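Chemist: Mind having a look at this structure? Questions to follow.
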Amino acid sequence: MKTTEKRTLHPTICPYCSLGCGFFLELEEGKAVGIRYMPEHPVNEGSLCPKGNAAPDILNHPDRLKYPLLKTENGWKQLEWEEALSLAAEKLGTARKENGPNSLAFLGSAKCSNEENYLFQKIARLLGTSNVDNCARLCHASTLIGLGKTLGAGAMTNPLADLSNSDCVFVIGSNFAENHPAVARQVLRAKDKGAFVIVADPRLTPTSWLADLTLRLKPGTDVALLNGMMHVIVNEGLLDRNFVREKTEGFPGLEQALQRCCPETASRITGIPPSEIIKAARAYARAGAASIVYSMGITQHISGTDNVTACADLALLCGQVGRKGAGVLPLRGQNNVQGACDMGALAEFFPGYGKVGDAEAAGRLKTLWKTDKLPEKPGLTATEIAEAAGKGKLKALYVMGEDLVNSHADSSRVREALESLDFLVVQDIFMTDTAEYADLVLPAAAWAEKEGSFTSTERRVQWTDRALSPPGEAKPDIEILLLLAEKLGLGLPYRTAGDVLAEISGAVPSYGGMTKERLKKGFGLIWPCPDSSHPGTPVLHVGRFKTPDGKARLIPVEYQSPAEIPDPDYPFLLTTGRVVLHYNAGSMSRRSKALLEKEPGLFVEIHPSDAKAMEIGEGNRLVLETRRGKTEATARLTGKIGPGVLFMPFHFPGTNVLTGDALDREAKIPEFKVSACRIRRE
Amino acid sequence: MKEVMVRPERCMGCRSCEIACAVEHSESKSLFAAVGESPSPRKRIYIEYIPEHAASVPVTCRHCEDAPCTTVCPTGALSREEISRKVVHSPELCIGCWTCSMVCNYGVIGRQKEARVAVKCDLCPGREVPACVEACPTNALVYAEVKDFSGIKRAEAALKLARGMKPGSAL
Amino acid sequence: MPEAVYADLSRCIGCRACELACERENKSSRISVKVLSGLAAAPVSCRQCEIPLCTAPCPKGALSCENGKLEYEAENCTGCGLCTLACPFGTAVLRAGIIERCNLCPGMETPACVATCPAGALIYTEPGSLGENIRQRRAKRMNRALEPPAPAGRRAE
Numbered sequence: 002m003k004t005t006e007k008r009t010l011h012p013t014i015c016p017y018c019s020l021g022c023g024f025f026l027e028l029e030e031g032k033a034v035g036i037r038y039m040p041e042h043p044v045n046e047g048s049l050c051p052k053g054n055a056a057p058d059i060l061n062h063p064d065r066l067k068y069p070l071l072k073t074e075n076g077w078k079q080l081e082w083e084e085a086l087s088l089a090a091e092k093l094g095t096a097r098k099e100n101g102p103n104s105l106a107f108l109g110s111a112k113c114s115n116e117e118n119y120l121f122q123k124i125a126r127l128l129g130t131s132n133v134d135n136c137a138r139l140c141h142a143s144t145l146i147g148l149g150k151t152l153g154a155g156a157m158t159n160p161l162a163d164l165s166n167s168d169c170v171f172v173i174g175s176n177f178a179e180n181h182p183a184v185a186r187q188v189l190r191a192k193d194k195g196a197f198v199i200v201a202d203p204r205l206t207p208t209s210w211l212a213d214l215t216l217r218l219k220p221g222t223d224v225a226l227l228n229g230m231m232h233v234i235v236n237e238g239l240l241d242r243n244f245v246r247e248k249t250e251g252f253p254g255l256e257q258a259l260q261r262c263c264p265e266t267a268s269r270i271t272g273i274p275p276s277e278i279i280k281a282a283r284a285y286a287r288a289g290a291a292s293i294v295y296s297m298g299i300t301q302h303i304s305g306t307d308n309v310t311a312c313a314d315l316a317l318l319c320g321q322v323g324r325k326g327a328g329v330l331p332l333r334g335q336n337n338v339q340g341a342c343d344m345g346a347l348a349e350f351f352p353g354y355g356k357v358g359d360a361e362a363a364g365r366l367k368t369l370w371k372t373d374k375l376p377e378k379p380g381l382t383a384t385e386i387a388e389a390a391g392k393g394k395l396k397a398l399y400v401m402g403e404d405l406v407n408s409h410a411d412s413s414r415v416r417e418a419l420e421s422l423d424f425l426v427v428q429d430i431f432m433t434d435t436a437e438y439a440d441l442v443l444p445a446a447a448w449a450e451k452e453g454s455f456t457s458t459e460r461r462v463q464w465t466d467r468a469l470s471p472p473g474e475a476k477p478d479i480e481i482l483l484l485l486a487e488k489l490g491l492g493l494p495y496r497t498a499g500d501v502l503a504e505i506s507g508a509v510p511s512y513g514g515m516t517k518e519r520l521k522k523g524f525g526l527i528w529p530c531p532d533s534s535h536p537g538t539p540v541l542h543v544g545r546f547k548t549p550d551g552k553a554r555l556i557p558v559e560y561q562s563p564a565e566i567p568d569p570d571y572p573f574l575l576t577t578g579r580v581v582l583h584y585n586a587g588s589m590s591r592r593s594k595a596l597l598e599k600e601p602g603l604f605v606e607i608h609p610s611d612a613k614a615m616e617i618g619e620g621n622r623l624v625l626e627t628r629r630g631k632t633e634a635t636a637r638l639t640g641k642i643g644p645g646v647l648f649m650p651f652h653f654p655g656t657n658v659l660t661g662d663a664l665d666r667e668a669k670i671p672e673f674k675v676s677a678c679r680i681r682r683e
Numbered sequence: 008m009k010e011v012m013v014r015p016e017r018c019m020g021c022r023s024c025e026i027a028c029a030v031e032h033s034e035s036k037s038l039f040a041a042v043g044e045s046p047s048p049r050k051r052i053y054i055e056y057i058p059e060h061a062a063s064v065p066v067t068c069r070h071c072e073d074a075p076c077t078t079v080c081p082t083g084a085l086s087r088e089e090i091s092r093k094v095v096h097s098p099e100l101c102i103g104c105w106t107c108s109m110v111c112n113y114g115v116i117g118r119q120k121e122a123r124v125a126v127k128c129d130l131c132p133g134r135e136v137p138a139c140v141e142a143c144p145t146n147a148l149v150y151a152e153v154k155d156f157s158g159i160k161r162a163e164a165a166l167k168l169a170r171g172m173k174p175g176s177a178l
Numbered sequence: 004m005p006e007a008v009y010a011d012l013s014r015c016i017g018c019r020a021c022e023l024a025c026e027r028e029n030k031s032s033r034i035s036v037k038v039l040s041g042l043a044a045a046p047v048s049c050r051q052c053e054i055p056l057c058t059a060p061c062p063k064g065a066l067s068c069e070n071g072k073l074e075y076e077a078e079n080c081t082g083c084g085l086c087t088l089a090c091p092f093g094t095a096v097l098r099a100g101i102i103e104r105c106n107l108c109p110g111m112e113t114p115a116c117v118a119t120c121p122a123g124a125l126i127y128t129e130p131g132s133l134g135e136n137i138r139q140r141r142a143k144r145m146n147r148a149l150e151p152p153a154p155a156g157r158r159a160e
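Protein chains in written order, with my numbering: chain A, 2 to 683; chain B, 8 to 178; chain C, 4 to 160.
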């Protein structure tokens, strides 16, 4: 495939994960026909993972939604936009009038741009409800809370490229080699310079392949491991006393709490030999600059917030924050999940993380939005929205680009909940399993078919331009939202994404200096960027933390066992995760022929000794059952997981039928990572 | 078998071993004549300089017991000699696919550019002591069996300990 | 000196991005990643042998080699498949009547598989320079082993 005169190249940002990799889309006669690599991009340096390579498949896909659709008794009926939006506005209006604004709920999309999410939550809040959330609730809500209360900002502290400056990289609950493959090149670069890489994960993953030390802990015992390491660090005097004294508060409390957490105790809980816990602690604490990389293995637990807090404690104790090569790096999920949170598409936060209920934050927003009324109480979170719908407390739900039937835990209940709604609007690019439940489906534009800014996991805000037109009558989400707002009589004064960004820079302090023109230059800006001459802030917490007094907090946490542990009825521990060839609920990746060919269906990994005991062979169909439901999958025998543990990817319908909806008490994130499960051969 | 053992702490990076190796594997076996020879003689030992530590480390074929290069070679050009236990290369079988070079953990399989085949350490057949070892002025290279090499280091460690003790320090 | 696609096996994370990139550029993938039972993964593609075995049996000279550079002309290929028998790596594949093999993506600065590799495990280089990087890393590791361990409670700045 060669670039000829007819073909044009269009710079864009990958729509899959949160790394924000850049590449050129190759276009011919308005169609995406290929990819050219972008070696100058600072994040991926030209490389792309398999999903990125298959990204154009989404744009030309025959399954794309092309017209607004209304569910009738005789199936889907094609509507005109005018009609569709009037209907949506009318239904939302009626529900609001009859049952109050809190009978409405809005699910934003971490796949949509900052401008779209900003607009989305603004519409919800102007309608009088704070029932607006996004899928960050399911992946990194615990990061927002956990890092927020310790470091003062719930975001990655250092850019990805800075990993190459670390002398020790401690990876816990992250399989970046599969889920954020471009991170591997930075970690390998650090290794070339002599860095020591520790990977803590219950499974052996391709990430373990890069490790100098692998810690195979039992699922859900991360706090015990981290506390054990901190115990060693405090006991052997490996902590950075000056840093702890000058930059943090709460050390005496932490020190006291750690007394009980000797490596032997940690070893009993985690199953890792004490010597390895000691080795890991020494390597991390002695390194000149050390980074912690974590992901959903840490956050998706009922102790998610505690896990994150413990990670932050470990970093603070050793003074490994706020310097080159030293930081805490949560690798986020969706391409704009950081942005959707920054924009306030969260039940408890206004744009810029002002708390809902805080009079000052509300006051600022009231002036900016020229309104005198804003919701005073935090709304329902994504997980609570599904629950409330099931109980009949919600009448109407507006979902923008989210397949909650497959992405939420305990999906049978989610299905029931969606059925009990009076009115469900789904705005998406494909007919997802969630859209099947909708009364009204609105066809949206995919990433390269619209303009807007996206914030990657390293806080890099990048602008992408429209490269091609959406199929059929599909419209960019921002246009749909603006038309809807007009129908709702909200009268929002914007025409383009650029106009919305101009308001965002007033509403979100860390985006203060961002304009479309600045973002388009180079490779975007890394927030905080408070004013128009500010160059952006790659490393957070240099000198002072983002807390009011500038000091970080050391907060002791205690190990608590997962909500559901294996018992004689359900003897296996089921954990879930991702594989390299698919993405999240799979509505995009499962539609790529090239990806699906290589990973065609749902499988479950089982240890050979368990398989032998149950006479299960490679490729057998198994029925998996938890207290919430059952599903079928193909057995894969592998020693990469421990005995008694099962692993399933969550890219296919079925996995989340099994997972539980026990929630972390602070972040309200469900415990996707641990469920008790039983299996039998079909 | 005897191997070329390395004591990096003694290496001062003079590269005498590299030159001696290339000369030994030349047609004329003389430094002055070797320079103009074609095919140009190739060294099989490499001095790696590490700038951040200002240190030099000699790297050469370890003649691994379970040598990856012999496992992957599709034509049997690389093989292990049953008696001497050396990993040897037969250029006439080599197809220049460089799979050996991809799996060698030491990066010590080089390329003979005229013949387009691999070259590697052969421990200088016909010589009592390989040329690189003989040329090393600081004894950073030692031709010894692994067990004897440990013995040499042990003796030195004992000597160091003994130096720390003075007559009369017996309790 | 001819260049070819080589793999640093210590870096391959088995993500198969190379397969997808090749498939997109060439309709079918000429590189395949085998993930072995443990964690080791190995990408296999044409080794561009300097003294190739596949050229010898080719009856029409579709495959030829001059100065160590392997050339392939698809129009001369009769699809007899003798080269697939000769190739020790299984990288010459008979598809739709003719042989498909890696042609190093002519027209691109680096072959697509190399450009896309997230871990930097695929390298487009001359065979003679292959060992350099590994030697240097090995030397560093040996040198590091000689350093005295850091005393407890102190951090090297």
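Using N, Cα and C, we set each Cβ at its ideal position, and we do this for glycine too.
All values derive from a computational prediction rather than experimental measurement.
What are the boundary residues of the alpha helix (DSSP H) that includes A/Q339?
Modeler: Segment V338 to D343, the alpha helix (DSSP H) holding A/Q339.
Chemist: Reducing DSSP to helix, strand and coil, say where A/W448 ends up.
Modeler: In this structure, A/W448 counts as helix in the three-state DSSP scheme.
Chemist: Go ahead and label A/S676 buried or exposed: buried means 16 or more other beta carbons lie within 10 angstroms of its beta carbon, across all protein chains shown.
Modeler: Counting Cβ neighbours within 10 Å, A/S676 comes out buried, since at least 16 surround it.
Chemist: Excluding the 5 residues preceding and the 5 following A/A154 in the sequence, name in chain order all residues of the same chain whose CB lies nearer than 7 Å to its CB.
Modeler: Answer for A/A154: L148, L541 and K547, listed in chain order.
Chemist: Rounded to a whole number of angstroms, what is the C-alpha to C-alpha distance between C/T58 and B/S47?
Modeler: Whole-angstrom Cα-Cα distance: 28 Å.
Chemist: Suppose you measure from the CA of A/L395 to the CA of A/T130; what does that come to, to the nearest Å?
Modeler: Cα-Cα distance, rounded: 12 Å.
Chemist: Roughly how many angstroms separate the alpha carbons of C/R69 and B/C128, rounded to a whole number?
Modeler: Checking the displayed sequence, the identity of residue 69 of chain C turns out to be Glu instead of Arg. C/E69 and B/C128: Cα-Cα distance of roughly 28 Å.
Chemist: Residues in the region 581–593 of chain A with C-beta within 8 Å of chain C's C-beta atoms, listed in sequence order?
Modeler: Answer in chain order: V581 and L582.
Chemist: How should A/G47 be labelled, buried or exposed, when 16 other C-beta atoms within 10 angstroms of its C-beta is the threshold for buried?
Modeler: Buried, by the Cβ-count rule.
Chemist: Beta-carbon of C/T119 versus every beta-carbon of chain A: anything under 8 Å?
Modeler: Yes, because at least one Cβ of chain A sits closer than 8 Å to the Cβ of C/T119.
Chemist: Shorter than 8 Å from the beta carbon of C/E3 to some beta carbon of chain A?
Modeler: Nothing can be reported for residue 3 of chain C, as the shown portion of chain C is limited to 4 through 160.
Chemist: Which of the three DSSP states, helix, strand or coil, is assigned to A/D404?
Modeler: DSSP places A/D404 in coil when its eight states are reduced to three.
Chemist: Alpha carbon to alpha carbon, what distance is there between A/S511 and C/G17?
Modeler: The alpha-carbon atoms of C/G17 and A/S511 are separated by roughly 38 Å.
Chemist: Just verifying my parser: in three-state terms, what is the DSSP assignment at C/M111?
Modeler: C/M111 falls in the coil class under three-state DSSP.
Chemist: Is there at least one Cβ from chain C nearer than 8 Å to B/G103's Cβ?
Modeler: Yes, its Cβ sits closer than 8 Å to a Cβ of chain C.
Chemist: Quick check on the DSSP output: the alpha helix (DSSP H) that includes A/P264 runs from which residue to which?
Modeler: Start and end: P264 to T271.
Chemist: Does A/D223 pass the burial test, meaning 16 or more other C-beta atoms within 10 Å, or should it be called exposed?
Modeler: Under this definition A/D223 is a buried residue.
Chemist: Near A/G473, which residues of its chain fall below 7 Å by C-beta distance, leaving aside the five closest residues on each side in sequence?
Modeler: Hits under 7 Å: K67, Y68 and P444.
Chemist: When the Cα atoms are used, what is the spatial distance from A/N135 to A/N61?
Modeler: Distance between the alpha carbons of A/N135 and A/N61: 27 Å.
Chemist: My parser needs the beta strand (DSSP E) runs of 3 or more residues fully inside the region 605–682 of chain A; what are they?
Modeler: As far as the region 605–682 of chain A is concerned, its whole beta strand (DSSP E) runs of at least 3 residues are 622–626, 631–638, 646–650 and 676–682.
Chemist: For A/T458 versus A/Q339, is the C-beta spacing smaller than 8 Å?
Modeler: For A/T458 and A/Q339, yes; Cβs fall inside 8 Å.
Chemist: Taking Cβ positions only, does A/Y38 come closer than 8 Å to chain D?
Modeler: As a matter of chain content, chain D is missing from the structure shown, whose protein chains are A, B and C.
Chemist: Would B/C101 and B/V124 qualify as a contact pair, given that the criterion is a beta-carbon distance under 8 Å?
Modeler: In this structure, B/V124 lies closer than 8 Å to B/C101 by Cβ.
Chemist: Do you know how far the Cα of B/A74 is from the Cα of A/F653?
Modeler: Looking at the two C-alpha atoms, the distance is approximately 43 Å.
Chemist: Output, in sequence order along the chain, the residues in the region 185–205 of chain A whose CB is closer than 7 Å to any CB in chain C.
Modeler: Taking 7 Å as the Cβ-Cβ cut-off against chain C, the residues of the region 185–205 of chain A that qualify are A185, R186, L189, D193, G195 and L205.
Chemist: Please compile the residues from chain C whose C-beta is within a distance smaller than 7 Å of the C-beta of A/W210.
Modeler: Under the 7 Å cutoff, chain C gives I16 and L42.
Chemist: How big is the Cα-Cα spacing for C/T128 and A/R186?
Modeler: Answer to the nearest angstrom: the Cα atoms are 18 Å apart.
Chemist: Would you say C/G123 faces chain A, with C-beta separation under 8 Å as the test?
Modeler: Cβ-Cβ to chain A under 8 Å: yes for C/G123.
Chemist: Check whether the Cβ atoms of B/N18 and B/S91 lie closer than 8 Å to each other.
Modeler: It should be pointed out that residue 18 of chain B corresponds to Cys in this sequence rather than to Asn. Taking 8 Å as the Cβ cut-off, B/C18 and B/S91 do not qualify as a contacting pair.
Chemist: Relative to chain C, which residues along the region 116–136 of chain B have a C-beta separation below 8 Å, given in chain order?
Modeler: The residues in question are I116, G117, R118, K120, R123 and V124.
Chemist: Measure the beta-carbon distance from A/Y285 to A/C169 and round it to whole angstroms, keeping in mind my assumption that it falls under 8 Å.
Modeler: Between A/C169 and A/Y285 the Cβ distance is about 5 Å, and since that is below 8 Å, they are a contact.
Chemist: Is there at least one Cβ from chain B nearer than 8 Å to C/I54's Cβ?
Modeler: So yes, C/I54 belongs to the interface.
Chemist: Around the C-beta of A/S533, are 16 or more other C-beta atoms found within 10 angstroms, so that it is buried, or is it exposed?
Modeler: Counting Cβ neighbours within 10 Å, A/S533 comes out exposed, since fewer than 16 surround it.
Chemist: Can you say whether A/E74 is buried or exposed, counting buried as having 16 or more other CB atoms within 10 angstroms of its CB?
Modeler: It is exposed - the Cβ of A/E74 has fewer than 16 other Cβ atoms within 10 Å.
Chemist: Buried or exposed: where does A/A212 fall if 16 or more other Cβ atoms within 10 Å of its Cβ makes it buried?
Modeler: With 16 or more other Cβ atoms within 10 Å, it is buried.
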